[in-house]
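The sequence shown maps to residues 1 to 709 in the numbering used here.
As structure tokens, the structure follows; a few thoughts come after it.
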Amino acid sequence: MSDLTDTPKHKTFLGHPIGLYVLFFTEMWERFSYYGMRALLMLYMVNYFKWTQSDASSVYKWYTTLVYVTPILGGFMADRYLGNTWAVIIGAVLMAIGHFLMAFEANNIFYAALIFLIIGNGFFKPNMSTQVGRLYPPNDRRRDGAYTIFYMGINLGAFLSPLACGWLQENTVGEYHSGFALAGIGMVVGLITYLIGLPLIKEIPSVEVQDLKHGDSLNQPISEKNAEQLPSVIGEFSNYAVKSILFGAIFLLCVAFWKGYSKPISAAPALISAVSLLVVYWIASQVKNAMRDRMLTIVALGFFAIFFWAAFEQAGNALNLWADKTTNRYLFKPMPEESKYPPVIDVVLAIEGDLNPVANQDKPSFFGLFKLKDKKNKDGFGFDPVPTAWFQSINALAIFIMAPLFAWLWLRMDLSIPIKMTLGIFSMALSFVVMIGAAYVENVPLSTDFKGNQLPSSITIGKEGELLLKDADSKEVYPIQGGRLTYDSTKKQFTIRGVFADVERDRVARSSAPPELALALQDISEELNKQNTNNPIPIELKLPASVVGFDIRYAGLPESIVKFSTANNSLLFSKTLADKDIKALLLAGANPDFRNSMDNLFLGSSKFKVSSAWLFWSYIFATIGELCLSPVGLSMANKLAPAKFATMIMGLWLLVSAFGNFAAGALGETYGTIPPVEYFTYTTAALAGAGLVLFAISRKLTSMMHGVK
């Protein structure tokens, strides 16, 4: 017997409207594009651009924050002017443009791509979620199940994209750019799916729930009309709460003005928070009595959800770097010895397939990005080592498997929404307890001798012997390896704890390069840029006398960019130099004795990489927490929101993720400045505290929902 049936309203499949499955696949492809790009973003900035982890985290923080801030504007535009359908289409087009721009290398294009993605997501995200809710009558018990199914679509895309984009990054000559290009293709497929399926999306007009004289006393949902008449369960405190929101917004505006006076960008967090609170205040002032209770409940639960997302979003930041630098990613063979030299890949020559100088004048073609690398000395499928981005798929796959179980549990267990969200926060805390264990296992000491006469001028020794770095990449003194790299001047010996990552070795070692080399390379870069061509007239640089032991192998640059002449002790530049190229050449020109000691620590500590099982179980607990909190929160916001503000409140609920992402990015900026054990412990403590407070007030919050479950 077919599962497809007709109802007076519209056709259903497996008990849900067919339009749900159109939205399912549209969202799946959009999330494919988003999570494919997200899985590579931090790695791209740290490994490819050679940015510091702190600087990369700052960009990541603002990107992941703003993609959840703009849904407020997108929700407002949809509610007042565009409608859900046009908002989704506009958002999809903008995001597709952004993803394809990410396939280009230049920094200015990189930032432009992020702007397109941020604005496009603002139009797309809240309107997709709102359309799911509008497929059902108010208080339809199928809504929770619908949002869980919808969430499965999100996570199916989130599962597939790191696998595909991550594999391309590891195994094609385009590397990160081919991964970003595939994300753009996914967004185009999502847009086409939505346009084809539009006739099947049948929204139900908002209809009041049948008035129940004793509905609330029976713990049944009351209509919005009745909720406006029913007294608040918190009495006069309801008015005080709304006023406190206004006062909080005014205070944050003052903070924004004070901070922005000297540095405008520093005012942004306070300004965004203030505007958000003003929107909340405006909506709350438009409703009264029990409806205001419901609105305040959304605000309270949103506050606690911030703690969850601040920890959960470490997956794309700190935990992504942990997977790349600190995890043994070999599954089927022993982890080989690290090489102190980076691989050399000339993307243009790899695509063109010859040394024709005319070919070098062209940038790689779009499809040429997907050409496979030379697979010598590697397995035939590119699965060992496991691409770093693949760890991002653990969470998504687990959600896809467990989501039906949780949908079944919520139908049979009479748990309130606050209790479900409390369980989610505690489960997230357990996820970081696992990482505390991983950090203890990784924290192994290693020592090596220093054969130089004195430490570089960029390195100072702290009170407890820890080494501090002051270089051009940092405005402040930076504790190397989170304070876990020390120097004993009497023994002339370095001691490190934990894995000394390649990017950390590079940053520390290149700081010892003579200042004369840095100035000379900067001058050469400016001269090449003045020629304003991809193939400038070659310029030769005679290395300064202060440069000793120059080793071009550390740069990892192809001869199409720079050639080193040992006879003349000079460099011949044939291409413009990016900032990452200058950093690579500084490493090649670093103090050889100091660089050799850093090499020994890098190569020796690579054996301390921990099992991938730690990350696996951490993501499993995070998955359980997400299933307890995220789809439940989406459904809750949709059910409690006043009908005339539905899309805007959905945007506000997504703003909770924005604040969580900002907190996650701020935490990520400290990753590497403190030991991992402390980093994960502080996060665990914050989650446990938030969970305990939410549990304590969950009964009152449940009563403020006035029968909504």
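Glycine included, each C-beta is placed from N, C-alpha and C at the ideal position.
The structure presented is a predicted model; accordingly, all values stated were derived computationally and were not measured.
Is the beta carbon of residue j closer than 8 Å to that of residue i?
{"i": "residue 157", "j": "residue 30", "result": "yes"}
{"i": "residue 710", "j": "residue 605", "result": "With the chain represented from 1 up to 709, any question about residue 710 goes unanswered, as that position is not in the structure."}
{"i": "residue 552", "j": "residue 588", "result": "yes"}
{"i": "residue 294", "j": "residue 705", "result": "yes"}
{"i": "residue 465", "j": "residue 440", "result": "no"}
{"i": "residue 572", "j": "residue 580", "result": "no"}
{"i": "residue 693", "j": "residue 309", "result": "no"}
{"i": "residue 64", "j": "residue 399", "result": "no"}
{"i": "residue 135", "j": "residue 264", "result": "no"}
{"i": "residue 370", "j": "residue 161", "result": "no"}
{"i": "residue 444", "j": "residue 608", "result": "yes"}
{"i": "residue 495", "j": "residue 529", "result": "no"}
{"i": "residue 38", "j": "residue 316", "result": "yes"}
{"i": "residue 512", "j": "residue 567", "result": "no"}
{"i": "residue 570", "j": "residue 560", "result": "no"}
Check for me: the beta strand (DSSP E) holding residue i runs from which residue to which?
{"i": "residue 488", "result": "485-488"}
{"i": "residue 494", "result": "493-497"}
{"i": "residue 436", "result": "Careful: residue 436 lies outside any beta strand (DSSP E), inside the alpha helix (DSSP H) at 417-442."}
{"i": "residue 476", "result": "Unbroken run through residue 476: none, as it is neither H nor E."}
{"i": "residue 447", "result": "445-449"}
{"i": "residue 541", "result": "539-542"}
{"i": "residue 571", "result": "570-573"}
What span of residues does the alpha helix (DSSP H) with residue i cover, start to end?
{"i": "residue 599", "result": "592-605"}
{"i": "residue 563", "result": "Residue 563 -> not in any alpha helix (DSSP H); beta strand (DSSP E) instead, spanning 562-565."}
{"i": "residue 30", "result": "18-43"}
{"i": "residue 61", "result": "53-77"}
{"i": "residue 550", "result": "Looking at the DSSP string, residue 550 is not in any alpha helix (DSSP H), and its letter there is neither H nor E."}
{"i": "residue 458", "result": "Neither: residue 458 is in no alpha helix (DSSP H) and is coded neither H nor E."}
{"i": "residue 618", "result": "612-640"}
{"i": "residue 110", "result": "107-133"}
{"i": "residue 406", "result": "392-412"}
{"i": "residue 703", "result": "676-704"}
Of all the options the options, which has the alpha carbon lying nearest to the alpha carbon of residue i?
{"i": "residue 593", "options": "451, 658 and 274", "result": "451"}
{"i": "residue 40", "options": "17, 73, 83 and 99", "result": "99"}
{"i": "residue 712", "options": "155, 62, 178 and 437", "result": "What the structure shows of the chain is the stretch from 1 to 709, and residue 712 is not part of that stretch, so it cannot be assessed."}
{"i": "residue 32", "options": "185, 119 and 695", "result": "185"}
{"i": "residue 489", "options": "447, 522 and 508", "result": "447"}
{"i": "residue 664", "options": "682, 677 and 648", "result": "682"}
{"i": "residue 154", "options": "59, 36, 330 and 480", "result": "36"}
{"i": "residue 34", "options": "645, 86, 94 and 467", "result": "94"}
{"i": "residue 548", "options": "510, 578 and 388", "result": "510"}
{"i": "residue 367", "options": "341, 168 and 273", "result": "168"}
{"i": "residue 710", "options": "299, 561 and 77", "result": "No answer is possible for residue 710: the residues shown for the chain start at 1 and end at 709."}
{"i": "residue 702", "options": "173, 421 and 201", "result": "421"}
Rounded to the nearest angstrom, what separates residue i and residue j at their Cα positions?
{"i": "residue 408", "j": "residue 625", "result": "16 Å"}
{"i": "residue 97", "j": "residue 115", "result": "10 Å"}
{"i": "residue 689", "j": "residue 279", "result": "28 Å"}
{"i": "residue 390", "j": "residue 583", "result": "29 Å"}
{"i": "residue 219", "j": "residue 148", "result": "Bear in mind that the predicted position of residue 219 carries a pLDDT of just 45, short of 50, making it unreliable; the figure below should be weighed with that in mind. The alpha-carbon atoms of residue 219 and residue 148 are separated by roughly 24 Å."}
{"i": "residue 325", "j": "residue 333", "result": "18 Å"}
{"i": "residue 485", "j": "residue 516", "result": "27 Å"}
{"i": "residue 630", "j": "residue 19", "result": "22 Å"}
{"i": "residue 291", "j": "residue 477", "result": "52 Å"}
{"i": "residue 698", "j": "residue 418", "result": "5 Å"}
{"i": "residue 526", "j": "residue 258", "result": "37 Å"}
{"i": "residue 541", "j": "residue 662", "result": "44 Å"}
{"i": "residue 614", "j": "residue 602", "result": "22 Å"}
{"i": "residue 252", "j": "residue 659", "result": "14 Å"}
{"i": "residue 695", "j": "residue 642", "result": "26 Å"}
{"i": "residue 82", "j": "residue 73", "result": "12 Å"}
{"i": "residue 165", "j": "residue 383", "result": "13 Å"}
{"i": "residue 243", "j": "residue 281", "result": "8 Å"}
{"i": "residue 175", "j": "residue 386", "result": "15 Å"}
{"i": "residue 118", "j": "residue 159", "result": "22 Å"}
{"i": "residue 468", "j": "residue 48", "result": "25 Å"}
{"i": "residue 497", "j": "residue 416", "result": "46 Å"}
{"i": "residue 456", "j": "residue 42", "result": "29 Å"}
{"i": "residue 673", "j": "residue 199", "result": "54 Å"}
Touching by the beta-carbon criterion (3+ pairs, under 8 Å), the segment 121-141 and the segment 643-654
Contact between the segment 121-141 and the segment 643-654 is present: three or more C-beta pairs spanning the two stretches fall below 8 Å.
Could you say if the segment 389-399 and the segment 604-623 meet the contact criterion of at least three C-beta pairs nearer than 8 Å?
yes
Indicate whether the contact test is met: 3 or more Cβ pairs, each with one atom in the segment 55-69 and one in the segment 663-674, closer than 8 Å.
Segments in contact, yes.
Are three or more beta carbon pairs between the segment 181-195 and the segment 21-29 nearer than 8 Å?
yes
Validate contact between the segment 304-320 and the segment 425-432 using beta carbons, cut 8 Å, 3 pairs:
yes
Would the segment 494-514 count as touching the segment 522-542 if we require 3 or more Cβ pairs under 8 Å?
Three or more beta-carbon pairs separated by less than 8 Å are not found between the segment 494-514 and the segment 522-542, which leaves the two stretches without contact.
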